[in-house]
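Going by UniProt numbering, the residue at position 94 of the sequence shown is 94; the numbering climbs one at a time, nothing skipped.
Working notes, beginning with the structure itself.
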Amino acid sequence: MSTPSQAQVRRSVAQAQTMVVKVGSSSLTRSSGHLDAAKLEALVASVAANVLSGARIVLVSSGAIAAGFGPLGFAERPRDVATQQAAASVGQGLLMARYETAFARYGIRVGQILITAEDTIRAAQYRNARRTLERLLDLGVVPIVNENDALASNEIRFGDNDRLSALVANIVRADALVLLTDVDALYTAPPSRPDARRIGYVPDVIAALRDVTVGGSTSGVGTGGMVTKLEAARIAAVSGVPVVLTSAANAGPAMMGDPVGTVFAPVHDRGSSRRLWIGFAAEPRGTIVVDDGAARAVRGGRASLLAAGALEARGEFSAGDPVWVDAEDGTHLARGLSGYDSEEIPQMLGRNTDQLKRFLGEAYAHPLIHRDNLVLV
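This is the structure in structure tokens:
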């Protein structure tokens, strides 16, 4: 696809029929850790204006842990996972109650969706999440999505819902993703530096991840820095979804396509839902290491992974599980769905199709990963 101009990308955001809006903890709370009613209500006003204009919006909202540790008497965010989970258990209800009250002023209903990484690993759970979200949107409800912080562990420590928002954008086939944070845009250097310049438009987020120096948020409330937001932008943009990154104060203008924050152009046409799931949502359960010839074939994008080019299978996984395909130097080449259990693969390594048929039987004469189940990363 040709690279669109900044004006074209912002116009596509303004015209989005389905949009995912992600807001971080620090954008909803005061420095003390308590929810800031004024910030939450300002965000709701911006989202409600778009909903009442006919847009379908999914709100991915952090803040459960931050909402909980104030009422529990903590002066700052707890560091141990168990206490974070307890705070999330208290805070999630408080957060949803505030959202329900705020949206009700506009005659809009909300629905809570709590997701863990496990819900995006298996295709069946991924489809169930899509059906639920789509039905809520069809009913005119604003789904409010958060990671299930009271049960998750790794998810609490990483990402602050940034990656989740990009996956949700894939799940609902969103036309745009808006990432709201406490920084107004992406800069060429940490914003505190005098030579830092705001970047208004990123035509290629993959190059941006290589070239731009980023600094984390100074907030003690959230967990996601600029790196996780760039990764979320990459997932969305590679999936064909334009992205706006800006501060929560700019939520309304960002959704209207105004020249605020940083806009990321989609770098590919939208792929099939299945391939998006393989490439970004599915968590690899193991690794298949390949030789140089197989690596070149995989990079070409049109070849299945054959046993003849495979060197090693690492980890324990079953047929149908997602796995990494790695070069010998450890570079990730692709993700794919294994055609065989990990315990079956060692006997297949290095053998061509005729040898597999002769020594192991017809059932083993198929690719380790079919090209339809292989997605480059």
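In this text, a Cβ means the ideal position worked out from N, Cα and C, and glycines have one as well.
All figures in this text were calculated on a predicted structure; none of them were measured in a lab.
Would you please verify whether the beta carbon of residue i is less than 8 Å from any beta carbon of chain D?
i: I288; result: Among the protein chains of the structure shown there is no chain D, as only one such chain exists.
Look at residue i and residue j and say whether their C-beta atoms are less than 8 Å apart.
i: A307; j: L368; result: yes
i: A185; j: T246; result: yes
i: L164; j: V241; result: no
i: I206; j: V267; result: yes
i: H34; j: G70; result: yes
i: G91; j: P143; result: no
i: A88; j: I113; result: no
i: F280; j: V202; result: no
i: R351; j: S304; result: no
i: I115; j: E147; result: yes
i: E283; j: P259; result: no
i: R56; j: Q15; result: no
i: V172; j: R105; result: no
i: L183; j: M226; result: Reading off the sequence shown, one finds Val at residue 183, where the question assumed Leu. Contact flag set, yes.
i: E328; j: V289; result: yes
Leaving out the 5 sequence neighbours to the left and right, which residues in its chain are closer than 7 Å to residue i when beta-carbon positions are compared?
i: G301; result: L376
i: R30; result: D36
i: R353; result: What sits at residue 353 in the sequence shown is Thr, not Arg. Taken in chain order, the residues that qualify are A365.
i: A102; result: L40, E41 and V44
i: D195; result: A189
i: E344; result: none
i: V221; result: Model confidence at V221 stands at a pLDDT of 43, short of 50, so the residue's coordinates are unreliable and nothing is read from them.
i: A287; result: According to the sequence as given, residue 287 is Thr; it is not Ala. If we look at T287 and ignore the five residues flanking it on each side, its Cβ neighbours are R314, G315, V323, W324 and D326.
i: L356; result: A307, M348, Y364 and A365
i: L52; result: Y106
Within its chain, find whatever has a CB closer than 6 Å to the CB of residue i; leave out the 5 residues flanking it on each side and keep chain order.
i: S239; result: N170 and L276
i: A166; result: A232, I235 and A236
i: N128; result: none
i: R193; result: none
Which residues bound the beta strand (DSSP E) around residue i?
i: L59; result: R56 to S61
i: A334; result: H332 to L337
i: E147; result: V142 to E147
i: V21; result: T18 to V23
In three-state DSSP terms, what is residue i?
i: Y106; result: coil
i: P284; result: coil
i: G159; result: Residue confidence for G159 is low, a pLDDT of 47 falling below 50, so the modelled location carries little weight and cannot support an answer.
i: S247; result: strand
i: T223; result: Confidence is the limiting factor: at T223 the pLDDT is only 41, short of 50, which leaves the residue's position unreliable and the question unanswerable from this model.
i: A313; result: strand
i: P322; result: strand
i: A178; result: One point to set straight first is that residue 178 is Val, not Ala, in the sequence displayed. Residue state, collapsed to three classes: strand.
i: F74; result: coil
i: L40; result: helix
i: L368; result: coil
i: L28; result: coil
i: R198; result: strand
i: L376; result: strand
i: L349; result: coil
i: L139; result: coil
i: G93; result: helix
i: D289; result: Reading off the sequence, residue 289 comes out as Val, not Asp. Here V289 sits in strand by DSSP.
i: Y187; result: strand
i: L305; result: strand
Taking the alpha helix (DSSP H) that residue i belongs to, which residues open and close that run?
i: I171; result: D162 to I171
i: D258; result: Premise fails: D258 is in no alpha helix (DSSP H) and is neither H nor E.
i: D292; result: D292 to G300
i: I65; result: A64 to F69
i: Q15; result: No alpha helix (DSSP H) holds Q15; DSSP gives it neither H nor E.
Which residue's Cα is closest to the Cα of residue i: the options?
i: T331; options: E134, A295 and V263; result: A295
i: D291; options: L333, G63, A196 and T83; result: L333
i: S62; options: A207, A16, V325 and A248; result: A248
i: L180; options: V44, A16 and G339; result: V44
i: G257; options: K22, R351 and N50; result: N50
i: L139; options: G54, V90, A67 and Y340; result: G54
i: R11; options: P190, P78, M255 and I278; result: M255
i: E312; options: D326, L356, I115 and D175; result: D326
i: G68; options: S25, V47 and V58; result: S25
i: G336; options: R351, D329 and R285; result: R285
i: V21; options: V289, V145 and S2; result: V145
i: A319; options: D329, D341, A363 and A189; result: D341
i: L95; options: V183, Y126, S338 and L59; result: L59
i: P4; options: W324, P346, I345 and V243; result: V243
i: V47; options: A7, V168, D182 and M19; result: M19
i: S338; options: A97, F317, R358 and D329; result: F317
Kindly list the residues whose CB is nearer than 8 Å to the CB of residue i, restricted to its own chain and excluding five residues on each side of it in sequence; keep chain order.
i: L349; result: A307, A310, L311, E312 and A313
i: A42; result: A248, A249 and A251
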